[in-house]
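A.B. asks:
Numbering (the UniProt record's numbering), first residue to last: 1 to 94.
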């Protein structure tokens, strides 16, 4: 940040997003051998992720494509709704 300031560059705004963890406490990800996702899981998992991050989700989005859910999520994103916690257990995500 100091170098950016010296160079007259805009300062980035940082935001903590809780990490999704598996029951054993490891992060959810392929480096910990999490199961791979299939294309048909994309929409429901994106909706779960948005809900886990405190974002309100319209019921009609369940019928949308993954791209539609992403577009909708970006348009309606509200960082102030993100839970103020370090991690979220995958099993607790609705």
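All residues carry an ideal CB built from backbone N, CA and C; glycine is no exception.
The structure presented is a predicted model; accordingly, all values stated were derived computationally and were not measured.
1) Please tell me whether residue 47 and residue 69 are closer than 8 Å, where the distance is taken between their beta carbons.
2) With C-beta atoms as the reference, is residue 18 less than 8 Å away from residue 86?
3) Tell me, please, which residues DSSP counts as bridged to residue 19.
4) Please say whether residue 55 and residue 73 have beta carbons closer to each other than 8 Å?
5) Sort 11, 35 and 83 by Cα distance to residue 22 and report the nearest one.
6) By DSSP's criteria, residue 30 is part of a beta bridge. Which residues make up the other side?
7) On a CA-only basis, which of 63, 51, 64 and 90 is nearest residue 114? Give me that one, please.
C.D. replies: Taking the structure as given:
1) Taking the first residue of the chain shown as 1, we reach residue 47 at position 47. Taking the first residue of the chain shown as 1, we reach residue 69 at position 69. Their beta carbons are under 8 Å apart, which means residue 47 touches residue 69 by this criterion.
2) As a first step, residue 18 must be located in the chain shown, where it is residue number 18. As a first step, residue 86 must be located in the chain shown, where it is residue number 86. Result yes, Cβ atoms of residue 18 and residue 86 sit closer than 8 Å.
3) Locating residue 19 in the chain shown gives position 19, where the first residue counts as 1. DSSP lists 87 as partners of residue 19.
4) As a position in the chain shown, residue 73 is number 73, starting the count at 1. As a position in the chain shown, residue 55 is number 55, starting the count at 1. Going by C-beta atoms, residue 73 is nearer than 8 Å to residue 55.
5) Within the chain shown, residue 22 is the residue found at index 22, counting from 1. For residue 22, the closest C-alpha among the options 11, 35 and 83 is that of 35.
6) What you label residue 30 is simply residue 30 of the chain shown in a count that begins at 1. Beta-bridge annotation (DSSP): residue 30 is not paired with any residue.
7) What the structure shows of the chain is the stretch from 1 to 94, and residue 114 is not part of that stretch, so it cannot be assessed.
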